[in-house]
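Quick notes on the structure that follows.
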Amino acid sequence: MTLHQLTIAQATALLKNKEISSVELTRAVLDRIEAVDGKVDAYLTVDTNGALAQAKEADQRLADGTADTLTGIPLGIKDLMCTKGLRTTCASKILENFIPPYDATVITHLKKAGAVLVGKLNMDEFAMGSTNEHSGFKVTRNPWNLERIPGGSSGGSAAAVAADMCLGALGSDTGGSIRQPASHCGVVGIKPTYGRVSRFGLVAFASSLDQIGPLGKSVTDCALMLDAIAGHDPRDSTSVNEPVPVFADIPDGDLSDVVVGIPEEYTNAKGLDPQVDAAVKKAIATIESLGARTITVALPHTEHAVAAYYVIAPSEASSNLARYDGVKYGFRDKSQTDLMEMYRNTRSQGFGPEVQRRIILGTYALSAGYYDAYYGKASQIRTLIRNDFQKAFESCDAIVSPVAPTPAYPIGATLNDPLTMYLSDVFTLSANLAGIPGISVPCGFSDEGMPIGLQIMGRHFGEAMLFRIARGFEAAAGIQDNKPTLE
Amino acid sequence: MKISKDEVLHVARLARLDIAEGEIDRFAEQIGTILDYVDTLKQVDTTGVVATSHATALTNAFREDEEAPHLSQESSLANAPEKDDGAFVVPKVI
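Chains as they are written, first to last, in the working numbering: chain A, -17 to 469; chain B, 484 to 577.
In structure tokens, the structure reads:
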């Protein structure tokens, strides 16, 4: 096995035993990026010098015994978390040259832990999209088939992990943006409970739904990364002051005290690909073989989740993106001498079509006379969706479902059909509306060799249960060592 | 059509966007399709249902009103497209 293929858990052990150095490991990852990112296009910025300097510091910490779990581990960061002094673009022309003056709280945590930040990863512009085709700069490709989407919006993060161009990555999830690309690229990704991880320094898309989380090559790796970034932050007033367990302490194997719910609304969902259905059913049988009991649960408001989401998310986005006015930072159209014209030209040239579509949709939904009919109504339906989950969790510990209705589809398939792209979020966005955690773990492959993911959702602050079931499944299924062939 | 060209132009103006003439029809059609879909929400009876604002029902987050470290004037202005004498410069307002 070459160094870039290591999991975080494997690399940590080798670093601690002085069998490898962080500089060697980081160089291996940088060489891997050099070798394959011309095909995958996952990185927007590679910070070669910064990464090697951080690796040297990490080796010092490893030598003097002050190392942490992530010390010396090369990670990639979705390009919407602020990194002090390192360009942060949100894959948008409007922030093309933005150099943040401060670090996001998650970045502060990673730097304190001694992680090596290799670079910034591509995404759909401002995290709006499920394919990565809506990046303002380039389309990231799925390492399993370069003609297909990697998923989105954290498509760069998922593709980089799958192609061994980092050992793990951070993404963000507003409606499935960690779980869906993880599923499409055959890696593990978890959206923690809303408020579990600080959003300070995360560029806002839909503030009541956004949550940062890790993507990794294994369930344990995701737990190790979540351990480093979780916790209350006074600088994010929506972050929650709940005790944080050590997620990486995952009990092994036996699930005989666990009840898993299977929502009938999801198994009968329209547009569910038979191969995805079969892979998920097989995964459920594996979970049962570990001792878990399965029951059917009802989530009766599921059919309204997509509509509620596509009111709430664009509404909040239209408000959040009002700040890009060409005054304080970012792109400005300098051809205009009138303030209003400057605003309009700056924003029209700076934002791509999907972002403009959502701003208009959100502005319409929030405009005079429509607020109650759209945002108000959708926020009430959000309560009904939360109640559905609360009721279901009275009789089960976790809910399993597909992540995406189909495996990754060809690039271009939904480019001019936004509604079809939105409908593909049907299994993931309820977790954001309800604020509950959800993990995607690889559970099989389609006939065409594309990865399929299993989603496990849990109670508020119930991430430990998700790691436990996912880890048990991962070990029993034994498919995590499959790798895409890129050479 | 669910949303007219004039409405798209009006909303675009509110959002400080300048939609190109050739794009208006496409935007109106795409947004109309989405609004038709969103209208299915009207079928749900939500009488007496309290709207969700925070997903785990966190309420007020208070802190002491104390001075804390903050960005310097220099770093606050570092990304400004145009600045002068410690201030952001904008085109003439009136």
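Glycine included, C-beta positions come from ideal geometry on N, C-alpha and C.
Check                                                                                                                         : Outcome
Three-state secondary structure assigned by DSSP to A/A274                                                                    : coil
Minimum Cβ-Cβ distance from B/K575 to chain A less than 8 Å                                                                   : yes
Same chain only: Cβ atoms within 7 Å of A/P83, ignoring 5 sequence neighbours per side                                        : K66
Residue-level contact to chain B via CB, A/K94, 8 Å cutoff                                                                    : no
Beta-carbon proximity of B/A534 to A/Q362, cut-off 8 Å                                                                        : yes
Whether A/M105 touches A/K60 by CB criterion (8 Å)                                                                            : yes
Spatial distance of A/G32 from A/D13 (CA atoms)                                                                               : 15 Å
Given A/A329 as reference, the closest of B/Q513, B/D519, B/R499 once Cα atoms are compared                                   : The question names Ala, but residue 329 of chain A is Arg in the sequence shown. The shortest C-alpha separation from A/R329 is found at B/R499.
Proximity to A/T388 [Cα-Cα], best of A/G435, A/D354, A/N398, A/V143                                                           : A/G435
Cβ neighbour criterion (16 or more within 10 Å) applied to A/I342                                                             : buried
Endpoints, alpha helix (DSSP H) assigned at A/K93                                                                             : 87 to 95
Straight-line gap, A/I55 to A/S300 (C-alpha atoms, nearest Å)                                                                 : 37 Å
Bridge-paired residues (DSSP) for A/I172                                                                                      : A/I421
Spatial neighbours of A/F182 in its chain, beta-carbon cut-off 7 Å, leaving aside the 5 residues before and after             : A86, T87, D215, R217, D218
Residues that B/P564 contacts on chain A, provided the C-beta gap is smaller than 8 Å                                         : G308, V309, Y311, G312, F313, R314, K316
Contact list for B/S536 against chain A, beta-carbon separation under 8 Å                                                     : S190, S361
In chain order, each beta strand (DSSP E) run of at least 3 residues that lies wholly inside the region 431 to 455 of chain A : 433 to 440
Contact set between A/F80 and chain B, taken where Cβ atoms lie within less than 9 Å                                          : N562
8 Å contact criterion, which A/D29 and A/G101 should meet: CB distance rounded                                                : 5 Å
Contact set between B/Q513 and chain A, taken where Cβ atoms lie within less than 7 Å                                         : R339, P400
In chain order, each alpha helix (DSSP H) run of at least 4 residues that lies wholly inside the region 330 to 415 of chain A : 335 to 348, 359 to 374, 400 to 405
Exposure label - B/L554; buried when at least 16 CB within 10 Å                                                               : exposed
For A/S154 and A/A188, the rounded distance between their alpha carbons                                                       : 11 Å
CA-to-CA distance, A/N223 to A/S317, given in whole angstroms                                                                 : 48 Å
Coarse secondary structure for B/A561, derived from DSSP in three states                                                      : coil
A/G177 (DSSP reduced to helix, strand or coil)                                                                                : coil
Inter-residue Cα distance where the pair is A/L206 and A/V169                                                                 : 15 Å
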